[in-house]
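Engineer: This structure is in structure tokens; I'll ask about it shortly.
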Amino acid sequence: MNRLFANLPTTVFEVMSSLARETGAINLGQGFPDDPGPEDVRRAAADAVLNGYNQYPSMMGIPELRTAIAAHYKHWQGVDLDATTEVMVTSGATEALAGAILGIVEPGDEVVLFEPMYDAYLPLVRLAGGVPKFVTLQPPHFRLTEEALAKAFSPKTKAVVFNNPLNPTATVFSTEDVNLLAAFCRRFDAIAISDEVWEHVVFDGRKHQPVLALEGMRERSVKIGSAGKIFSLTGWKVGFVCAAPHIMKVLAKSHQFLAFTTAPNLQAAVAYGLAKDDGYFEGMRENFARSRDRFTAGLKTLGFDVIPSQGTYFVNIDISALGETDDVAFCRRLVLEHGVAAIPVSAFYAEGAVKTVVRFCFAKKDSTLDAGLERLAKAIKGAA
Numbered sequence: 000m001n002r003l004f005a006n007l008p009t010t011v012f013e014v015m016s017s018l019a020r021e022t023g024a025i026n027l028g029q030g031f032p033d034d035p036g037p038e039d040v041r042r043a044a045a046d047a048v049l050n051g052y053n054q055y056p057s058m059m060g061i062p063e064l065r066t067a068i069a070a071h072y073k074h075w076q077g078v079d080l081d082a083t084t085e086v087m088v089t090s091g092a093t094e095a096l097a098g099a100i101l102g103i104v105e106p107g108d109e110v111v112l113f114e115p116m117y118d119a120y121l122p123l124v125r126l127a128g129g130v131p132k133f134v135t136l137q138p139p140h141f142r143l144t145e146e147a148l149a150k151a152f153s154p155k156t157k158a159v160v161f162n163n164p165l166n167p168t169a170t171v172f173s174t175e176d177v178n179l180l181a182a183f184c185r186r187f188d189a190i191a192i193s194d195e196v197w198e199h200v201v202f203d204g205r206k207h208q209p210v211l212a213l214e215g216m217r218e219r220s221v222k223i224g225s226a227g228k229i230f231s232l233t234g235w236k237v238g239f240v241c242a243a244p245h246i247m248k249v250l251a252k253s254h255q256f257l258a259f260t261t262a263p264n265l266q267a268a269v270a271y272g273l274a275k276d277d278g279y280f281e282g283m284r285e286n287f288a289r290s291r292d293r294f295t296a297g298l299k300t301l302g303f304d305v306i307p308s309q310g311t312y313f314v315n316i317d318i319s320a321l322g323e324t325d326d327v328a329f330c331r332r333l334v335l336e337h338g339v340a341a342i343p344v345s346a347f348y349a350e351g352a353v354k355t356v357v358r359f360c361f362a363k364k365d366s367t368l369d370a371g372l373e374r375l376a377k378a379i380k381g382a383a
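Residue numbers for the sequence shown follow numbering that gives the first Met the number 0, so the first one is 0 and each next one is one higher.
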């Protein structure tokens, strides 16, 4: 057996979701909405499977979707992309990440990772033979600093994996932070593998800053997006990769031997969805912001110390004010004794874990959030 995978623990998402199923707990842990997604986009997929083409589509993605991706990013982010040479469709953003890391990183290459981080990054870097160099971000702001980057980057740095907005902290990095990272990538000739799947789920008037749009970054960036996050259809697993042609040629070869292609009916539906008018995307953000505000207000009323959520489906609390020092133990008690599943943020660290932050998913119906808050009220009384 491959020791890398054989020795990996069961993910905390599966552990907490399993406990939620076993106990009948309200699952505010794993990050998926309980809304079915936009009906017109789902109908477009149904129509495409009944009346469209169902054999192997182009490995790079159907032309309609690649054109739609380029047009979408031009409209929303001012990025000019050649749909034929700089855009590829993948079977989800995680496959895109795997293809990018395996296509770029060679044994012995150093890769900068920011923790807390999505749990796929580190195993994929190690699978490629890369040497991880960690930058530990500190709550409550999780900002990048020149000092931390200077310690992580070296002449051996081949790539950096950057997630903005950041899961699990719900941080939207400032233009200043993104420019600082870009400056280090240029200085050390490193490729930025930029996981931007939450690019549309940003709040309070914030604007997403794609890394490849910055000066000197077009030739050294891989931009990754996700239809699942844009349309709240996480099970569809349709991802986007954008990169300069010399990078894309290699990523396409990596993709060829991972998933090869993606369901054509889903691609057709996503192409339709990306062309929806601005009102859909603005309304989606407003709805999630309203759920965030509802849940955040409830948490604060109960007395929890809330770390502000700037984007994603998540909001975090700092449990140190409750006298808690172990987020894993806290989350186990929460699900087993009070019937609410949450995620301990320490699970997203490889070293130097912060153990006093707990993540909730607010992308749920009002009734689900309210029921969760009722149960959390009992939990905080027990902790007082």
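From the three backbone atoms N, C-alpha and C, an ideal C-beta is built for every residue, glycine too. None of these values were measured; they are calculated from a predicted model.
Could you tell me the alpha carbon to alpha carbon distance between D369 and D46, rounded to whole angstroms?
Structural biologist: D369 and D46: Cα-Cα distance of roughly 37 Å.
Engineer: Compute the distance between the beta-carbons of F347 and M116, then report whether it is under 9 Å.
Structural biologist: Yes, the Cβ-Cβ distance between F347 and M116 is below 9 Å.
Engineer: Can you give me the C-alpha to C-alpha distance between P139 and C184, rounded to a whole angstrom?
Structural biologist: Near 26 Å, if we compare the C-alpha coordinates of C184 and P139.
Engineer: How long is the line joining the alpha carbons of G310 and P164, rounded to whole angstroms?
Structural biologist: In a straight line, the C-alpha of G310 is about 6 Å away from that of P164.
Engineer: Do Q266 and G60 come within 9 Å of each other at the CB atom, strictly closer than that value?
Structural biologist: It is a contact, given that the beta carbons lie within the stated cut-off.
Engineer: Please report how far the alpha carbon of P131 lies from the alpha carbon of F161, in whole angstroms.
Structural biologist: If I take the Cα positions, the gap works out to 13 Å.
Engineer: For the beta strand (DSSP E) containing G102, name the first residue and the last one.
Structural biologist: Not the beta strand (DSSP E): G102 falls in the alpha helix (DSSP H), residues A92 to I103.
Engineer: What residue range is occupied by the uninterrupted alpha helix (DSSP H) comprising A24?
Structural biologist: No alpha helix (DSSP H) contains A24, which DSSP labels as neither H nor E.
Engineer: Determine the closest residue to E198 out of A362, P263, T367 and F172, with distance taken between C-alpha atoms.
Structural biologist: Nearest option by C-alpha distance: F172.
Engineer: Are three or more beta carbon pairs between the segment 38-55 and the segment 198-214 nearer than 8 Å?
Structural biologist: No: the two stretches stay apart, fewer than three of their Cβ pairs being nearer than 8 Å.
Engineer: Count the other CB atoms, across all protein chains shown, that sit within 10 Å of the CB of F259; report buried if there are 16 or more and exposed otherwise.
Structural biologist: Burial call: exposed.
Engineer: Should the segment 293-307 be regarded as contacting the segment 151-159, the criterion being three or more beta carbon pairs within less than 8 Å?
Structural biologist: No, the segment 293-307 is not in contact with the segment 151-159.
Engineer: Going by DSSP, what residue range makes up the alpha helix (DSSP H) through K150?
Structural biologist: K150 -> alpha helix (DSSP H) spans E145 to A151.
Engineer: Tell me which same chain residues have a C-beta within less than 8 Å of the C-beta of I316, skipping the five on either side of it?
Structural biologist: L298, F303, D304, V305, I306, V356, V357 and F359, listed in sequence order.
Engineer: How many angstroms separate the CA atom of H71 from the CA atom of K228?
Structural biologist: Roughly 15 Å separates the two Cα atoms.
Engineer: Is the beta carbon of A251 less than 9 Å from the beta carbon of S220?
Structural biologist: Not a contact, by the Cβ cut-off of 9 Å.
Engineer: Kindly identify the DSSP beta-bridge partner or partners of K222.
Structural biologist: DSSP, once it has assigned bridges, lists S193 and C241 as partnering K222.
Engineer: Is it the case that the CB of V356 approaches a heavy atom of the ligand FAD more closely than 8 Å?
Structural biologist: The ligand FAD is not among the ligands present in this structure, which contains no ligands whatsoever.
Engineer: Once you ignore the five residues that flank V339 on each side, which residues in its own chain have a CB closer than 8 Å to its CB?
Structural biologist: Counting only Cβ-Cβ distances below 8 Å, and skipping sequence neighbours, we find A24, I25, L27, L333, G371, R374, L375 and A378.
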